[in-house]
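Undergrad: Submitted below is the structure of interest, expressed as C-alpha cells.
Residue numbers (my numbering), protein chains in the order written: chain A, 1 to 256; chain B, 257 to 395.
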C-alpha cells in the first residue's frame, strides 16, 4: 500500500506561485484581447467613416459633365427634327455622321462653326444631321439616343456634347450613364431621349439614314450631301474637309 | 516573419501590381486588357474612376503601399494600422463593386481582382491583430 507523499512547504509555495502566475497570464491575455477588440472596432468605425465620405464624394464629384465645345453655336437657330435653320433656305445640306467617328468630331470642331455662321445663320442653307451606326454597337446606342434628342429639337447640341466627350471606338463607353451626362450637357431631357431610343421612331430614323446613305453611295463619315429645294440630293463632300473647301463647294452650289 | 504577415505581404504586392497597371493605363489614356467585353473601359471612363481629381487606381496603389509599409513592423500599433488600412480598402472596394453592378452595369475584372485582394487583406489583418500573443505580464 502506497500513499502520495505529503508536499513540503516549499513545494506548496511553488505550486501556489505557479497558479498565481497562470491566473495573471490569463488576466493579462483577457485584458489584451479586450483592448485589441476595442482597437479593431475603433479602426473599423473610422474606416467606415472614411469609406462613407469617399463614397459620397465619388457619387457627387468625379469627372465633370461633358461640355459642348461650341455651346453658343446654335443659339437662336430653330431646329426641328434634326434640321437646323430656315425652312426657306435654297439649299439643304445633310451631314451623315457616326457619333464614334473621330473625324466627325474634328469636323464639328473645326469646320462646323463657319458653316453654321456663314450659311445657316444667313438663311442660305438648312442643315440636317443623320446618324449612321456602322462603327459598332456603341454607335447604334448613341444614334438611338440622338434620335430622342432630335425629337426634342436638340440634336445638334447633343452631337456637339457627344463629340466633346467622345471615347475610344467600341470600348463600351456609351453607357446609359454616359448618355445621360451628354444629354444633360446638351440640354436634352435624358429620360425622354432614352425612352425614345428604345422605340419604333428611333429605329425608323436609323433605318432611313442607313438606306439613304446606301443609295447615295456614302461609305465614309462625315459625308455632306446637298439638295436644292425638293430636288434630289447628291454628295457634296466626303471624309475630312476644312471649312474653306466646304465653303467653296457650297458657294458653287448657290451660284447654280 | 509570421505566416499571416507573410501572406498579407504577398496579397498586398498582388494588389499593388493590379493598381499600378490600372494607374499606368489611366495616365496613358489606353484601355485595360479586360476579360469582360467593354467592362474595364466603361468603369475606367466613368465618373467613379476619379476621386477628388485623383484616379481611384492611384489611390488604391497608395493604399497597398501603405499596407506594405505597415507590415514592415511586428507590434501592436503596426497590426492595428494594417487592419485599419485593409478595412478601409475593403469598404471602398465593396462600394466600387456595388457601383459597377448597380450603376454602371459593367464589371472590370481588374477591379474585381483588387477587391478580392482587399477582402483577403482585411481577413488576414483582423486574424493577425486578434490572434497575436499577449505581450505578457510585466514582472
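Even glycine gets a Cβ: it sits at the ideal position worked out from N, Cα and C.
1. Please classify residue 309(B) as buried or exposed, where buried requires at least 16 other C-beta atoms within 10 Å of its C-beta.
2. So, under 8 Å CB-CB, residue 188(A) and residue 149(A) are touching, yes? Tell me the CB distance rounded to an integer number of Å.
3. Roughly how many whole angstroms lie between the Cα atoms of residue 73(A) and residue 54(A)?
4. Mind listing which residues of the region 374–388 of chain B have their C-beta closer than 8 Å to chain A's C-betas, in chain order?
5. Is it right to say residue 251(A) is buried, meaning 16 or more other beta carbons lie within 10 angstroms of its own, or is it exposed?
6. At the level of alpha carbons, what is the spacing between residue 29(A) and residue 364(B)?
7. So the candidates are 208(A), 44(A), 221(A) and 152(A); which of them puts its Cα closest to the Cα of residue 78(A)?
8. When you compare the CB positions of residue 343(B) and residue 58(A), do they come within less than 8 Å of one another, or not?
9. Contact defined as beta carbons within less than 8 Å: I believe residue 107(A) pairs with residue 241(A). What is the distance between those atoms, to the nearest angstrom?
10. What are the start and end residues of each continuous alpha helix (DSSP H) run of 4 or more residues lying completely inside the region 170–202 of chain A, in chain order?
11. With a threshold of 6 Å on Cβ separation, who are the neighbours of residue 143(A) within its own chain once the five nearest residues in sequence on each side are excluded?
12. Check whether the Cβ atoms of residue 136(A) and residue 177(A) sit closer than 8 Å, and answer yes or no.
13. So residue 40(A) contacts chain B; which residues on that side make the cut at Cβ distance below 8 Å?
14. Taking residue 373(B) and residue 267(B) to be in contact with their CB atoms under 8 Å, please state how far apart those CB atoms are, rounded to whole angstroms.
15. What number of angstroms, rounded off, separates the C-alpha of residue 245(A) from the C-alpha of residue 238(A)?
16. For residue 263(A) versus residue 114(A), is the C-beta spacing smaller than 8 Å?
17. Can you pull the DSSP bridge partners for residue 79(A)?
18. Closer than 8 Å, CB to CB, is residue 304(B) near chain A or not?
19. Whether or not the region 32–41 of chain A and the region 322–329 of chain B are in contact is what I'm after, with contact meaning three or more pairs of Cβ atoms, one per stretch, closer than 8 Å; do they touch?
20. Quick one: measure Cβ to Cβ for residue 82(A) and residue 140(A), integer angstroms, because I've assumed they're closer than 8 Å.
21. Pull up the DSSP beta-bridge partners for residue 36(A), would you.
22. Does the contact criterion of 3 or more C-beta pairs under 8 Å hold for the region 211–218 of chain A versus the region 182–201 of chain A?
23. Determine, using beta carbons only, whether residue 371(B) and residue 353(B) come nearer to each other than 8 Å.
24. Would you kindly work out how many angstroms separate the C-alpha atoms of residue 296(B) and residue 366(B), rounded to a whole number?
25. Assuming the contact rule is C-beta atoms closer than 8 Å, residue 335(B) and residue 376(B) should be a hit. Round their C-beta distance to whole Å, please.
26. With a cut-off of 8 Å, does the C-beta of residue 359(B) fall near any C-beta of chain A?
27. Over the uninterrupted alpha helix (DSSP H) stretch that includes residue 98(A), give me the two end residues.
28. Can the beta-carbon of residue 147(A) be found less than 8 Å from the beta-carbon of residue 196(A)?
29. On the three-state DSSP scale, how would you describe residue 241(A)?
TA: Short version:
1. Looking up residue 309(B) in the second chain gives position 53. Exposed, because fewer than 16 other Cβ atoms sit within 10 Å of the Cβ of residue 309(B).
2. Taking the first residue of the first chain as 1, we reach residue 188(A) at position 188. Taking the first residue of the first chain as 1, we reach residue 149(A) at position 149. About 5 Å separates the two Cβ atoms, so the contact holds.
3. Position 73 of the first chain holds residue 73(A). Position 54 of the first chain holds residue 54(A). Straight-line Cα distance between these residues: approximately 38 Å.
4. For the region 374–388 of chain B, which is checked against every Cβ of chain A, the residues closer than 8 Å are 382, 385, 386 and 388.
5. Locating residue 251(A) in the first chain gives position 251, where the first residue counts as 1. Classification for residue 251(A): exposed.
6. What you label residue 29(A) is simply residue 29 of the first chain in a count that begins at 1. What you label residue 364(B) is simply residue 108 of the second chain in a count that begins at 1. C-alpha separation (whole angstroms): 44 Å.
7. Mapped onto the first chain, residue 78(A) falls at position 78. Nearest C-alpha to residue 78(A): 152(A).
8. Translated into positions along the second chain, residue 343(B) becomes position 87. Translated into positions along the first chain, residue 58(A) becomes position 58. The answer is no: Cβ separation not under 8 Å.
9. By 1-based counting over the first chain, the position of residue 107(A) is 107. By 1-based counting over the first chain, the position of residue 241(A) is 241. Indeed they touch by this definition, with Cβ atoms about 7 Å apart.
10. 176–186 and 190–197
11. Locating residue 143(A) in the first chain gives position 143, counting from the first residue. Within the same chain, residue 143(A) has close Cβ partners 131, 133 and 206.
12. By one-based count along the first chain, residue 136(A) stands at place 136. By one-based count along the first chain, residue 177(A) stands at place 177. Not closer than 8 Å, so no.
13. By 1-based counting over the first chain, the position of residue 40(A) is 40. The contacting residues are 336, 339, 382, 385 and 386.
14. The count along the second chain starts at 1 and reaches residue 373(B) at position 117. The count along the second chain starts at 1 and reaches residue 267(B) at position 11. Between residue 373(B) and residue 267(B) a beta carbon distance of about 5 Å is seen, short of the 8 Å cut, so the two are scored as contacting.
15. Sequence index remark: in the first chain, residue 245(A) carries index 245 (1-based). Sequence index remark: in the first chain, residue 238(A) carries index 238 (1-based). Approximately 11 Å between the Cα atoms of the pair.
16. With chain A represented from 1 up to 256, any question about residue 263(A) goes unanswered, as that position is not in the structure.
17. Here residue 79(A) corresponds to residue number 79 of the first chain, with the count starting at 1. BP columns for residue 79(A) point to 84(A).
18. Residue mapping note: residue 304(B) aligns to position 48 of the second chain, counting from 1. By this cut-off, residue 304(B) is an interface position.
19. no
20. Position 82 of the first chain, counting from 1, holds the residue named residue 82(A). Position 140 of the first chain, counting from 1, holds the residue named residue 140(A). At roughly 17 Å, the Cβ-Cβ gap does not stay under 8 Å, so residue 82(A) and residue 140(A) are not in contact.
21. Taking the first chain and counting its residues from 1, one reaches residue 36(A) at position 36. DSSP lists no partner for residue 36(A).
22. no
23. What you label residue 371(B) is simply residue 115 of the second chain in a count that begins at 1. What you label residue 353(B) is simply residue 97 of the second chain in a count that begins at 1. Against a cut-off of 8 Å, the Cβ pair of residue 353(B) and residue 371(B) comes out as a contact.
24. Counting from one through the second chain, the residue named residue 296(B) turns up at place 40. Counting from one through the second chain, the residue named residue 366(B) turns up at place 110. For the pair residue 296(B) and residue 366(B), the Cα-to-Cα distance works out to about 8 Å.
25. Taking the second chain and counting its residues from 1, one reaches residue 335(B) at position 79. Taking the second chain and counting its residues from 1, one reaches residue 376(B) at position 120. Not a contact, Cβ separation roughly 16 Å.
26. The sequence position of residue 359(B) within the second chain is 103, counting from 1. So yes, residue 359(B) belongs to the interface.
27. Translated into positions along the first chain, residue 98(A) becomes position 98. Residue 98(A) -> not in any alpha helix (DSSP H); beta strand (DSSP E) instead, spanning 91–98.
28. Along the first chain, read from residue 1 onward, the residue named residue 147(A) stands at position 147. Along the first chain, read from residue 1 onward, the residue named residue 196(A) stands at position 196. Cβ distance < 8 Å, so residue 147(A) and residue 196(A) count as in contact.
29. Within the first chain, numbered from 1, the residue matching residue 241(A) stands at position 241. Of the three classes helix, strand and coil, the one that applies to residue 241(A) here is coil, per DSSP.
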